[in-house]
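Visitor: Just dropping this structure here.
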Amino acid sequence: MKSFSLKALLLLSAVTLLGAQGAYALTDEEAMEDGMMPIEEYAMAEMKAVLTPGLNSEGVAEAVRNNRLVIAVNKASKGDGAQTLTMYENGIEILKEKISTGREKEEKAKSGRIYFSTTPKGFFRPTKIYRDYLSYTWNAPMPNAVFFIGGIALHATTKSHYKELGTRASGGCVRLVHETSQMIREKVMETGLGSAPGQFKIVNEAKGRNRIANNSVSVNQLNRNTGDLLAAKVSSWDTVIVVYEE
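Quick note, the sequence shown lines up with residues -25 to -1, 1 to 221 if you use mature numbering (1 follows the signal peptide of the UniProt record, and there is no 0).
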């Protein structure tokens, strides 16, 4: 625990010294669409995460006991459960697959701003669901995208990236094989109004982007750091996504 706290503190103190690092061929737009986080935001988020006792397997178990559908993402780089996504429905494990999460490294944009390619830790509700999603910056398809914080989503990756599953390889999103991503999207939709025809609409927001609409329900907001249910309501799905490292 202390080593992670020290890491976060060092990141905070080092923010002003990072300009000397090698540049990457990224614009700020590319970094943000890839799900990367400005380094100063990452440092603060990391400090909060390491001081939160619930962001571990015990916290996942608690969430599983108290919620209908839980998607647990272990973003560790090594260990038995590293780089795996486990899905639980009504307390029962129904899926466990290898994934790729953020590279967890500093990346410098052409503007000189430093980003961190991280998958943020915490307890989250889905924010948007897409059957099809096209990244205009990278001209890359992201089928079955389930967004849960900013530009970070669970989504299918291309077959050329399948060999990277089980390693940290993304800008922050959680990459999956296509079949798994579709199963996850449909399971999340079932915690809304359902995944059968007539229980949702598909809205073409823009070229290559078909969003699932008229499917969410009113659920309690979550405390990002503890997973506790809050009194305030939000339009989402009765699903909890937990990102942790253990």
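Glycine included, C-beta positions come from ideal geometry on N, C-alpha and C.
Starting from A131, trace the beta strand (DSSP E) both ways and give me its first and last residue.
Guide: As a first step, residue 131 must be located in the sequence shown, where it is residue number 156. It spans I127 to A131 - the beta strand (DSSP E) in which A131 sits, taken as one unbroken run.
Visitor: For G31 and I104, what's the separation of their Cα atoms in angstroms?
Guide: Within the sequence shown, residue 31 is the residue found at index 56, counting from 1. Within the sequence shown, residue 104 is the residue found at index 129, counting from 1. It is worth fixing the name first, because residue 31 is Asn in this sequence and not Gly. If I take the Cα positions, the gap works out to 26 Å.
Visitor: Determine the contact status of S52 and T132, defining contact as a CB-CB distance below 9 Å.
Guide: Along the sequence shown, one-based indexing puts residue 52 at 77. Along the sequence shown, one-based indexing puts residue 132 at 157. No, these two residues do not count as a Cβ contact at 9 Å.
Visitor: Check whether the stretch 207 to 214 and the stretch 36 to 48 touch, using three or more Cβ-Cβ pairs below 8 Å as the test.
Guide: In short, these stretches touch, since the Cβ pair count reaches three.
Visitor: If R184 sits next to L109, beta carbons under 8 Å apart, how far is it from one beta carbon to the other, in whole angstroms?
Guide: Counting from 1 along the sequence shown, the entry for residue 184 is found at position 209. Counting from 1 along the sequence shown, the entry for residue 109 is found at position 134. Confirmed, Cβ separation roughly 6 Å.
Visitor: G167 and V192: beta carbons closer than 9 Å?
Guide: By one-based count along the sequence shown, residue 167 stands at place 192. By one-based count along the sequence shown, residue 192 stands at place 217. For G167 and V192, yes; Cβs fall inside 9 Å.
Visitor: Work out the CA separation of V121 and A115 for me, nearest whole Å.
Guide: Counted from its first residue, the sequence shown places residue 115 at position 140. Counted from its first residue, the sequence shown places residue 121 at position 146. Computed Cα separation, rounded: 16 Å.
Visitor: Starting from I124, follow its DSSP beta bridges and name the residues at the other end.
Guide: Along the sequence shown, read from residue 1 onward, the residue named residue 124 stands at position 149. DSSP, once it has assigned bridges, lists I127 as partnering I124.
Visitor: Between N49 and E220, how many whole angstroms is the CB-CB distance? I'm expecting something under 8 Å.
Guide: Position 74 of the sequence shown, counted from the start, is the residue given in the question as residue 49. Position 245 of the sequence shown, counted from the start, is the residue given in the question as residue 220. Their Cβ separation, rounded to whole angstroms, is 7 Å, which keeps N49 and E220 in contact under 8 Å.
Visitor: CA-CA distance, G173 and I187?
Guide: Here residue 173 corresponds to residue number 198 of the sequence shown, with the count starting at 1. Here residue 187 corresponds to residue number 212 of the sequence shown, with the count starting at 1. A direct Cα-Cα distance of roughly 12 Å separates G173 from I187.
Visitor: Quick one: give me the first and last residue of the alpha helix (DSSP H) that E161 is part of.
Guide: Here the question's residue 161 lines up with position 186 in the sequence shown. Note, E161: alpha helix (DSSP H), H153 to E165.
Visitor: Where does S52 sit, in a helix, a strand or coil, going by DSSP?
Guide: By 1-based counting over the sequence shown, the position of residue 52 is 77. In this structure, S52 counts as coil in the three-state DSSP scheme.
Visitor: Return the chain-ordered list of same chain residues with a C-beta closer than 7 Å to the C-beta of L204, the five sequence neighbours on each side being excluded.
Guide: As a position in the sequence shown, residue 204 is number 229, starting the count at 1. Within the same chain, L204 has close Cβ partners N195 and L197.
Visitor: Along the chain, where does the beta strand (DSSP E) containing N185 start, and where does it finish?
Guide: Position 210 of the sequence shown, counting from 1, holds the residue named residue 185. It spans R184 to A188 - the beta strand (DSSP E) in which N185 sits, taken as one unbroken run.
Visitor: Per DSSP, which residues does I104 bridge with? Please list them.
Guide: Taking the sequence shown and counting its residues from 1, one reaches residue 104 at position 129. Answer is V121.
Visitor: Give me the Cα-Cα distance between K182 and E33, rounded to the nearest whole angstrom.
Guide: By 1-based counting over the sequence shown, the position of residue 182 is 207. By 1-based counting over the sequence shown, the position of residue 33 is 58. Using only the alpha carbons, I get a separation of about 42 Å.
Visitor: For the alpha helix (DSSP H) containing G34, name the first residue and the last one.
Guide: Taking the first residue of the sequence shown as position 1, residue 34 is located at position 59. Unbroken alpha helix (DSSP H) run through G34: S32 to N41.
Visitor: Would I69 be called buried (16 or more neighbouring beta carbons within 10 Å of its own) or exposed?
Guide: Here the question's residue 69 lines up with position 94 in the sequence shown. By the 10 Å Cβ count, I69 comes out exposed.
Visitor: For a quick check, are the C-beta atoms of N190 and K176 less than 9 Å apart?
Guide: Taking the first residue of the sequence shown as 1, we reach residue 190 at position 215. Taking the first residue of the sequence shown as 1, we reach residue 176 at position 201. The answer is yes: Cβ separation under 9 Å.
Visitor: Roughly how many angstroms separate the alpha carbons of R88 and G66, rounded to a whole number?
Guide: Mapped onto the sequence shown, residue 88 falls at position 113. Mapped onto the sequence shown, residue 66 falls at position 91. Going from the Cα of R88 to the Cα of G66 covers about 43 Å.
Visitor: For the beta strand (DSSP E) holding Y90, just list the boundary residues, first then last.
Guide: To locate residue 90, count along the sequence shown from 1; it is residue 115. Its beta strand (DSSP E) spans residues I89 to F91.
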